[in-house]
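Note sheet for the following structure.
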Amino acid sequence: MKADPSGVLTGMHFLDGDHAACEGALAAGCRFVAGYPITPSTEVVERFASRIPMVGGVFIQMEDEIASSIAVLGGAWGGKKVMTVTSGPGLSLMMEHIGLAAITETPVVIVDVQRGGPSTGLPTLPAQADMMQVKWGSHGDYEIIALSPASPQECFDLMIRAFNLAETWRVPVFFMMDEVIGHMTERVDIPPADRIDVVERRWTTKKPGEYRPYAAGPDGVPDMVKAGDGHRIHITGLTHDERGYPAMNPAAQDKLVRRLTDKIRKNREALADIREDGVEDADVVVVSFGITSRVAAAAVDSARAAGLKVGHMRLVVVWPFPEHRIAQMAPRVKAFVVPELNLGQIALEVERAAAGRARTVRIGHAGGTVHEPEQILAGIREAAG
Amino acid sequence: MSQNLAIAADEREYPVENPVIPYLRQERIPHIWCPGCGIGTTVNCFARALTESKRDLDQVAIVSGIGCTGRVAGYLNLDSFHTTHGRAIPFATGLKLSNPKLKVVVYSGDGDLFAIGGNHFVHAARRNMDLTVICVNNFTYGMTGGQLAPTTPIGASQTTMPYGNFENPFNLPFLADACGAVYVARWTVFHVKQLTRAMHEAISKPGFTFVEVLAPCPTLYSRRNKLGDGVDQVKYYKERSVVKHGAATKEVALGFQGDIVVGKFVDRERETWLDGMNAHFEKVLGPRYRRYGE
Amino acid sequence: MSDGTVQRGRGTVFVRKEICKGCSYCIDFCPTKCLGFSKDFNAKGYHYPDLARPADCSGCDMCGLYCPDFAIYGMRYRDLEKATAGAGTAADGAAKQA
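Structure representation (structure tokens):
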């Protein structure tokens, strides 16, 4: 279906990434946000708070990120598309509800405008060091989806996809910005509502009495209802059966957890979004995401000018990790070069997928600013050996 | 017919069903609560309060946290949500704001609502979020085996206060009152009629309404403190309860096996969060504002 | 209506003995003290309540309100006869509402 025009600010704008992400959420149909102020993400909720009264919906500033992260789950079961927004320290507080969203299959978009850590770290400066936390931070086995925008325009465009993916797969979808993308101002084109495709919730067509909240379809995803529809659903964070009732035994655990993980793992290739540039005959492939991909592109240009055969893969979807593509390329490249604003997170995934068939050169950076192109270029030279 | 109408010992046809049954997910009964636990009694009272309220039960949702009382949501035949420890109130806040037609009731225990969830309680009451919070207070952590709760009376023994509790417990009605709840009552499971009425009043009144119910935990509180079984605790409630409607909430703190002041302490009017939002935005934004929730 | 085996009071109780946990709330807080423990055990080993003094039962359903296990409930014969005649009772109303 097409976007509700009341939320779409059609036109050409000059916006920072935080504001563009908010417009993306409104265009996607997000009508309930619960948040808590935290630098450098706060502008997302500030804009939502000022825009939503005229669009029709609710913003509430909760008492902390724990509350925000579960208020939005309540909002989803009340029938709205929902989002919460935070940065590292807040994300750390949200972990228990990432698990709750995963096990209850609640569609939710969580924006993480990354800053330097650990702990309070560098509140006003960038990092990309929460990449593993969003994948593994809550206890137990589960899967999530994570997108990594590299410009304010992508903050708008990919945010719509983030909501569509959350509704399609009923998993938490992380929108992995960073301080630079969040505060960088660029041109953002917002199309007319009738050119924005949005995915509606998977409302069941079953009648009360016939509907089983966790009876999944062939794609591994169950249809959903909202409170008040007469289905008298029971939703629990305990391991549950298809009725949603607690079923605490190894068989029920195996069935549920395998489905929660398989619905994403088995669709890894369909979910992948890799922007590739010159990888087909490359000796060295730079794998990057988010703001770092912009620095990496400059380094790749310099390397090519110096006669090196270098390709560039930008991961728009970071989770699920596109290990299939790395595995395809590993036998025919010398090395992967992985620059990221952390000391080696996604590089570990590249290493794992390459499985010893190609080297992985980590270009780590502890955060606080972005890489210098020369750092990445030096890595490319080393990899090209 | 005459057979059925005599004493129904058992295994006969029941000519009429227990009136609480339609409110329960019958396939999940018997429940997990111990013999003599009072939580089931509070559920009876809640079911009857729902009957009296004449509400459309499709529009009533129940949200629980974690713990013994946290299991209430799973037994009630309503839209029901069993959330994380301490977080029932913020989940309920999101549910209510997302779908304002719903009557949302939070039903949880004292540890869940006032230790790990304490911050959420004070803020929801401050905001006058339109929620009813029912707290079954058994003075202990039942599900984990009888540890110190923020309500454990001074002197009572718990597994993590093995020499007797020396830290001050919350006076829950005082806390709720101070934070701005519009309705505050305390009863015990001895007071089934009064409790039913209080629950009915609480779910009928817009805004943040709070009912504290004292209920025995025979397995982990009463026996450990040599207070007998569940029924002995209910007898204590009967003997030592003093009804004082309108009592100043700061005067109603509980001591170990001391007097229990019960009654309706607070019943006042305040604009709910959602009504406040709508009124304020209409005033400051005028016709640009799209009134929410109607 | 009496089957002649007991002297009838104004009401009676119904017991689902298999889900009773023997807590004795119903027995101790029955306003007319008409209930007692059965001699028998249920499958879980609990003594469930019996209507020991049927003539004293008023069918007030305080036992139903107290019972934490939903295992007993009381009814006045007046309401019971109406219910079984299909005339509708509080319980019927609850079933409809629910």
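Protein chains in written order, with numbering that gives the first Met the number 0: chain Z, 0 to 384; chain U, 0 to 293; chain F, 0 to 97.
Yeah, the Cβ is synthetic: ideal placement off N, Cα and C, and Gly gets one too.
Note that the structure is a prediction, hence the values are computed from the model and not measured.
Run of the beta strand (DSSP E) containing residue i, from where it starts to where it stops
i	result
Z/F414	This structure cannot speak to residue 414 of chain Z, because chain Z is shown only from 0 to 384.
Z/S287	V283 to S287
Z/L11	Looking at the sequence shown, residue 11 of chain Z is not Leu but Met. Its beta strand (DSSP E) spans residues G10 to D15.
Z/E279	Element bounds for Z/E279: n/a, residue is neither H nor E.
Z/R114	V107 to G115
U/S79	D78 to H81
Minimum Cβ-Cβ distance from residue i to chain Z less than 8 Å
i	result
U/P89	yes
U/H190	no
U/A5	The predicted model places U/A5 with a pLDDT of 35, which falls under 50 and marks its position as unreliable; any figure quoted below should be read in that light. For U/A5, the answer is no, since every Cβ of chain Z falls outside 8 Å of its Cβ.
U/R150	Note that residue 150 of chain U is Thr in the sequence shown here, rather than Arg. U/T150 does not count as touching chain Z.
U/Y288	yes
U/L94	yes
Within-8 Å CB hit, residue i to chain U
i	result
Z/M53	yes
Z/A214	no
Z/F162	no
Z/H12	no
Z/I375	no
Z/G219	no
F/D55	no
Z/W76	yes
Z/A192	no
F/P48	no
Z/R201	no
F/G34	The identity of residue 34 of chain F in the sequence shown is Leu, whereas the question assumes Gly. Taking Cβ atoms only, chain U never reaches closer than 8 Å to F/L34, which makes this a no.
Boundaries of the alpha helix (DSSP H) in which residue i is found, first to last residue
i	result
Z/E95	G87 to T103
U/T40	I38 to S52
U/W186	U/W186 -> not in any alpha helix (DSSP H); beta strand (DSSP E) instead, spanning Y182 to T187.
Z/R313	That residue, Z/R313, is in no alpha helix (DSSP H); its beta strand (DSSP E) goes V309 to L314.
Z/V178	Going by the sequence as given, residue 178 of chain Z is Glu instead of Val. Taken as a continuous stretch (DSSP letters only), the alpha helix (DSSP H) holding Z/E178 covers E178 to H182.
Z/I375	P372 to A383
Z/R231	No alpha helix (DSSP H) holds Z/R231; DSSP gives it neither H nor E.
U/A177	L171 to C178
Rounded separation between residue i and residue j - CA only
i	j	result
F/K38	F/R77	30 Å
U/D109	U/G229	18 Å
Z/L8	Z/K1	14 Å
U/Y235	U/V105	27 Å
U/E10	F/F13	Only weak support is given to the placement of U/E10: the predicted model assigns it a pLDDT of 45, under 50, and the value that follows is read from those uncertain coordinates. One C-alpha to the other measures close to 10 Å.
Z/K225	F/M74	37 Å
U/S203	U/Y13	33 Å
U/H122	U/C178	8 Å
Z/G277	Z/D300	11 Å
Z/H370	Z/P125	11 Å
U/E293	U/P99	8 Å
Z/N266	U/V233	57 Å
Z/L14	Z/P191	17 Å
U/V283	Z/P52	11 Å
U/A252	U/H30	32 Å
Z/A295	Z/H364	13 Å
F/R7	U/I259	39 Å
Counterpart residues of residue i in DSSP-defined beta bridges
i	result
U/K15	Before going on, a small fix: residue 15 of chain U reads as Val here, not Lys. According to DSSP, which records beta bridges pairwise, U/V15 is partnered with nothing at all.
U/N364	The displayed coordinates of chain U run from 0 to 293. Any statement about residue 364 of chain U would go beyond what the structure contains.
F/Y72	F/F13
F/D49	F/G35
U/V297	Chain U is shown only over 0 to 293; residue 297 of chain U falls outside these bounds and no answer can be derived.
Z/C29	Z/K80
U/A155	The partner list for U/A155 (beta bridge, DSSP) is empty, contrary to what the question assumes.
Where residue i meets chain Z, residues with beta-carbon distance less than 7 Å
i	result
U/Q58	G227
Near the ligand SAM: residue i beta-carbon under 7 Å from a heavy atom
i	result
Z/G384	As presented, the structure is devoid of all ligands, the ligand SAM included, so that no description of it is given.
Beta carbon proximity, residue i to chain F, threshold 8 Å
i	result
U/C36	yes
U/T40	yes
U/N17	yes
U/C44	yes
U/K100	no
U/W186	no
U/L23	yes
U/V212	no
Where residue i meets chain U, residues with beta-carbon distance less than 7 Å
i	result
Z/P39	Result: empty, since nearest Cβ-Cβ is about 24 Å, beyond 7 Å.
F/P30	Those within 7 Å of F/P30 in chain U number zero; the least Cβ separation is about 11 Å.
Z/E62	N118, H119 and H122
Interface partners of residue i on chain F, CB under 9 Å
i	result
U/V230	C22, S23, Y24, I26, D27 and F28
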